[in-house]
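Novice: Numbering (full-length UniProt numbering), first residue to last: 1 to 177.
Beta carbons: idealized from backbone N, C-alpha and C, even for Gly.
(1) Are the Cβ atoms of residue 20 and residue 75 separated by less than 8 Å?
(2) Under the three-state reduction of DSSP, which class applies to residue 23: helix, strand or coil?
(3) Within the same chain, show all residues whose beta-carbon is closer than 6 Å to that of residue 113, passing over the 5 residues directly before and after it, in chain order.
(4) Whole angstroms is fine: what's the gap from residue 14's alpha carbon to residue 72's?
(5) Measuring straight from C-alpha to C-alpha, what distance separates residue 17 and residue 29?
(6) Could you round the C-beta distance between residue 27 and residue 89 to whole angstroms and report it? I think they count as a contact, below 8 Å.
(7) So, using beta-carbon positions, are residue 44 and residue 63 closer together than 8 Å?
(8) Quick check on residue 109: does DSSP put it in helix, strand or coil?
(9) For residue 40, which of 54, 52 and 25 has the nearest alpha-carbon?
(10) Would you mind listing the alpha helix (DSSP H) stretches within the stretch 76-141 that are 4+ residues and don't spill past its ends, in chain order?
(11) Is DSSP giving residue 181 helix, strand or coil here?
(12) Could you tell me if residue 139 is buried or exposed, where buried requires 16 or more neighbouring beta carbons within 10 angstroms of its beta carbon?
(13) Can you give me the C-alpha to C-alpha distance between residue 124 and residue 96, rounded to a whole angstrom?
(14) In the structure shown, what three-state DSSP assignment does residue 33 receive?
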């Protein structure tokens with residue numbers, strides 16, 4: 001494939017994945033049919049993890065895809081594009097994802113807290129990228145878009161944890177005044 005003949009496209013991201021420290025999928029979104037079945041996707045993810053979990057680099061070319069990755073405690077974040085994709089663009093998507101997750105999880109980026117907030121993390125990924133098209137590159141804007149304020153939810157629909165968290169916040173702010 002000659003890169004001089006490629007037309008520019010908005011579809012830059014082929015996949016976003018978050019894996020645990022054993023290489024198992026926590027969350028993955030594929031935006032094209034490079035790996036059409038879940039079995040092929042998981043095999044690719046396992047191969048990708050095996051190549052990257054001990055490496056010091058941030059980028060790898062594997063199976064015709066450019067993969068940018070980053071790890072933290074027990075999580076590995078991956079953003080993948082085609083082999084001719086600009087690595088800096090993929091890196092900016094990865095940084096946005098990583099920083100947004102860090103803000104959502106209040107700097108406690110680990111597997112347990114990610115599972116507790118998986119719904120918000122999924123929303124964040126959808127705000128960053130839709131169908132392979134990058135929508136947002138600013139992590140603060142992503143966090144702001146997915147933030148669900150408990151003040152806006154009627155008391156009867158809040159969970160006990162949300163009510164306690166809200167009470168804790170109110171008490172903290174009253175003590176700080």
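Specialist: The relevant details are as follows:
(1) Here residue 20 refers to the residue found at position 20 when the chain shown is read from its first residue. Here residue 75 refers to the residue found at position 75 when the chain shown is read from its first residue. Taking 8 Å as the Cβ cut-off, residue 20 and residue 75 qualify as a contacting pair.
(2) One-based indexing of the chain shown puts residue 23 at position 23. Three-state result, residue 23: coil.
(3) Taking the first residue of the chain shown as position 1, residue 113 is located at position 113. Same-chain partners within the cutoff: 105.
(4) Walking along the chain shown from the start, residue 14 turns up at place 14. Walking along the chain shown from the start, residue 72 turns up at place 72. If I take the Cα positions, the gap works out to 22 Å.
(5) By one-based count along the chain shown, residue 17 stands at place 17. By one-based count along the chain shown, residue 29 stands at place 29. So the two alpha carbons sit approximately 6 Å from each other.
(6) For this step, residue 27 is matched to residue 27 along the chain shown. For this step, residue 89 is matched to residue 89 along the chain shown. Between residue 89 and residue 27 the Cβ distance is about 21 Å, and since that is not below 8 Å, they are no contact.
(7) Indexing the chain shown from 1 puts residue 44 at position 44. Indexing the chain shown from 1 puts residue 63 at position 63. Their beta carbons are under 8 Å apart, which means residue 44 touches residue 63 by this criterion.
(8) For the purposes of this step, residue 109 is identified with residue 109 of the chain shown, where counting begins at 1. Reduced to three states, the DSSP call for residue 109 is coil.
(9) Here residue 40 refers to the residue found at position 40 of the chain shown. The candidate whose alpha carbon is nearest that of residue 40 is 25.
(10) 87-104, 111-116 and 118-128
(11) Within the shown structure, residues of the chain are numbered from 1 to 177, placing residue 181 beyond reach of any answer.
(12) Here residue 139 is taken as the residue at index 139 of the chain shown, counted from 1. Counting Cβ neighbours within 10 Å, residue 139 comes out buried, since at least 16 surround it.
(13) Your numbering for residue 124 matches position 124 in the chain shown. Your numbering for residue 96 matches position 96 in the chain shown. The alpha-carbon atoms of residue 124 and residue 96 are separated by roughly 10 Å.
(14) Position 33 of the chain shown, counting from 1, holds the residue named residue 33. Note: residue 33 maps to coil in three-state DSSP.
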